[in-house]
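For reference, the structure is listed below as structure tokens.
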Amino acid sequence: MSTLAVPIELLTVAEMARADAAAIAGGVPGIVLMEHAGRAVARAIRRRFRPRPTVVLCGPGNNGGDGFVVARRLHEAGWPVRVALLGERARLAGAAALAASRWSGPVGTLTPAAVARAHLVVDAVFGAGLARPVEGVVAETFAACRAPVVAVDLPSGVAGDTGAVLGTAPQAALTVTFFRLKPAHLLRPGRDLCGEVVCAEIGIPARVLEGIAPRLFRNDPALWRAALRRPDPGDHKYSRGSLTIVAGEAMTGAARLAARAARRAGAGLVTIACPDAASAAACRAGDPGVIVVEAPVTELLGDLRRQVWLVGPGGGMRAPATAAAILAAGRTLVADADALRGAPEAIAGAALVTPHEGEFARLFGPPAGRLGAARAAAARLFGAMLLKGSDTIIAAPDGRAAITADAPAWLATAGTGDVLAGIAAALIAQGMPPWEAGCAAAWAHAAAARGAGAYMIAEDLADHLPRVLAAV
């Protein structure tokens, strides 16, 4: 999905309904919105496909009304088009009934036979607000489909707020949605079923967002650019942010990866605190610009310049107790990996918590839906939550959330999570608020990976960060 011209606000199903209602109340008739939606879908189809035998599958609601407009527009452009309707035409109501009345062609019944000879299928059966599983004749029809599918709003069966598949859903080659994206366009598995996504304007005034006040966003620099610290002529290494990373006895490479990323993300001074001589020696074998100290954390907490701490990357079994001590001292904590081995209450108050799905499940139980679970966890912990994955979610305790949906698949390699934690901790050390820092870190992490290429390893990421962040 190209996001260059896609607005950053995401609307839930209920919020989108409010936007439609506000537009209609403001003088834009519902049939006008429907006509604009159908025209946008037909336009997107004509830009990507040559005329071919097309079947438009229409449902009994407004999504089906959009489908009737699509059929009419394609027919007017000379396409061979048929309509197959779920239910009875006489039961259509409102704008959908009016749109259907403007279709002069025959209306068949939605069955598997309807798609048998189609070379293109338009899925206008159910919209984003579907709340029950797709089954019966609709599921059978999708199973029989062998042609490319263009989905109106979302592939039927994908829940708009979660991206979950209710029963079954077709694989679309193209999905055309309207006004603003829904969460399901970015959350898996729904995202995977959408194919290319186009977000079309259909005449809903942008001012309707003022009454909705969206709290969910596509992660984009527009969210956090203003909070990103710029170097100042009067800076010194402490004013640019001092970060202390706590290493464990064994996996010192994780702390070193985090430290290198933190320095490349702009932190002025990065220290690795080691528990013994062996781990300190291993860390000193890394980058010479990293300060390595062999001292108890309790002793280092006496230095008031050490306000921001990262605990977890290679932290070992002591990490939960270390994290608790840092919080008890009133310092700012970023908790990752091994720091998440205890109870959730042990990290309550951390500025940012960065689990992958397994760590999250150990803390809170398996998430029924990633977005809702991340938001609930942030509220419970009174801190920002960065739930890692191919659809990374960054949630704030006040309900804001952002989805990072453009991270390349090759980030799935050892050590990249340590790099992400180092970036986020460095940004917090530079004064960025935790939620914005989590968003910026996830975005920069993904952008650096794209720059590094498909065969990158975790060590490659840090060197791409200066260019990525400078470009912002």
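Taken in order, the sequence shown gives residues 584 to 1055; the numbers are from the numbering used here. Ideal placement from N, C-alpha and C gives every residue a C-beta, glycine not left out.
Range of the contiguous alpha helix (DSSP H) that encloses residue i
i       : result
Asp649  : Asn645 to Glu659
Gly743  : Element bounds for Gly743: n/a, residue is neither H nor E.
Arg774  : Gly773 to Cys777
Ala805  : Pro804 to Trp807
Leu737  : Where Leu737 is concerned, there is no enclosing alpha helix (DSSP H), given that its DSSP letter is neither H nor E.
Asp1043 : Ala1041 to Leu1044
Gly629  : The sequence given here has Arg at residue 629, not Gly. Element bounds for Arg629: Gly613 to Arg631.
Arg843  : Thr835 to Arg847
Thr724  : Gly719 to Ala727
Glu793  : Val791 to Ile795
Arg1050 : Leu1048 to Ala1054
Leu681  : Gly677 to Ser684
Ala960  : Arg953 to Leu964
According to DSSP, residues forming a beta bridge with residue i
i       : result
Trp892  : Thr827 and Leu916
Cys857  : Glu877
Phe800  : Glu592 and Ala985
Met1015 : Looking at the DSSP assignment, Met1015 forms no beta bridge with any residue, so it has no partner.
Asp706  : Leu640 and Ala734
Thr937  : Asp919
Cys782  : Thr760
Leu852  : Ser825
His748  : A small fix is needed here, since residue 748 is Val in this sequence, not His. The partner list for Val748 (beta bridge, DSSP) reads Val741.
Residue i, buried or exposed, once every other Cβ within 10 Å from all chains shown has been counted against 16
i       : result
Ser684  : exposed
Gly647  : buried
Thr724  : buried
Phe761  : buried
Val876  : exposed
Ala1041 : buried
Thr881  : exposed
Arg889  : buried
Val1051 : buried
Ala992  : exposed
Pro903  : buried
Glu942  : buried
Val596  : buried
Lys994  : Per the sequence shown, residue 994 should be read as Leu rather than Lys. The residue is buried, with at least 16 neighbouring Cβ atoms inside 10 Å.
Ala956  : buried
Met599  : buried
Ala906  : buried
Arg801  : buried
Leu688  : Checking the sequence shown, residue 688 turns out to be Gly, not Leu. With fewer than 16 other Cβ atoms within 10 Å, it is exposed.
Asp744  : buried
Pro753  : buried
Spatially closest choice to residue i from the options, by CA coordinates
i       : options                             : result
Gly898  : Glu877, Glu784 and Thr835           : Thr835
Ala926  : His939, Val917, Ala956 and Leu964   : Leu964
Ala545  : Ala838, Trp1026 and Leu703          : The structure shown does not extend to residue 545, since the chain is modelled only from 584 to 1055, so the question has no answer here.
Ser973  : Gly831, Glu718 and Arg771           : Arg771
Leu969  : Ala682, Arg674 and Gly1021          : Gly1021
Ala979  : Gly609, Trp993 and Ala959           : Ala959
Val759  : Ala1008, Ala627, Ala600 and Arg674  : Ala627
Ala714  : Glu832, Ala1008 and Gly750          : Gly750
Val664  : Phe651, Arg672 and Leu675           : Phe651
His619  : Met599, Val653, Leu594 and Pro938   : Val653
His1047 : Ala1053, Ala1031 and Val1055        : Ala1031
Glu832  : Ala810, Asn802 and Ala864           : Ala864
Leu916  : Ala904, Arg901 and Val936           : Val936
Leu806  : Ile1006, Gly895, Phe947 and Trp1018 : Trp1018
His939  : Val733, Pro896 and Arg774           : Pro896
Ala868  : Ala844, Arg839 and Arg847           : Arg839
Gly773  : Ala734, Arg763 and Arg798           : Ala734
Val701  : Gly743, Val639 and Thr692           : Rather than Val, the amino acid found at residue 701 in this sequence is Ala. Considering only alpha carbons, the answer is Val639.
Pro590  : Gly932, Pro731, His768 and Val732   : His768
Ala878  : Ala830, Phe800, Asp803 and Ala841   : Ala830
Leu852  : Ala841, Gly746, Gly872 and Ser862   : Gly872
Arg812  : Glu592, Gly609, Ala1012 and Leu1044 : Ala1012
Gly998  : Gly1014, Asp989 and His1028         : His1028
Run of the beta strand (DSSP E) containing residue i, from where it starts to where it stops
i      : result
Met900 : Run containing Met900: none; DSSP gives neither H nor E here.
Thr692 : Val690 to Thr692
Thr975 : Thr975 to Ala978
Phe761 : Leu757 to Phe761
Arg665 : Val664 to Leu668
Ala967 : Ala967 to Leu970
Residue i beta carbon near the ligand MN (any heavy atom closer than 8 angstroms)
i       : result
Leu1010 : Judged by which ligands are present, the structure shown has none, so any question about the ligand MN falls away.
Any contact of the region 972 to 986 with the region 944 to 951, i.e. 3+ C-beta pairs under 8 angstroms? Contact between the region 972 to 986 and the region 944 to 951 is absent, because fewer than three Cβ pairs lie under 8 angstroms.
Would you call the region 773 to 791 and the region 998 to 1007 touching, i.e. three or more CB-CB distances under 8 angstroms? no
Would you check if the region 621 to 637 and the region 589 to 608 touch, i.e. whether three or more CB-CB distances between them fall below 8 angstroms? Flag = no, the region 589 to 608 and the region 621 to 637 do not touch.
So does the region 791 to 799 actually touch the region 815 to 823, counting three or more Cβ pairs closer than 8 angstroms? no
When you compare the region 738 to 745 with the region 707 to 714, are there three or more beta-carbon pairs, one atom per stretch, that lie closer than 8 angstroms? yes
Given 8 angstroms, three or more beta-carbon pairs between the region 825 to 843 and the region 1026 to 1035: no
Specify whether the region 843 to 857 and the region 906 to 920 touch according to this definition: at least 3 beta carbon pairs, one from each stretch, less than 8 angstroms apart. no
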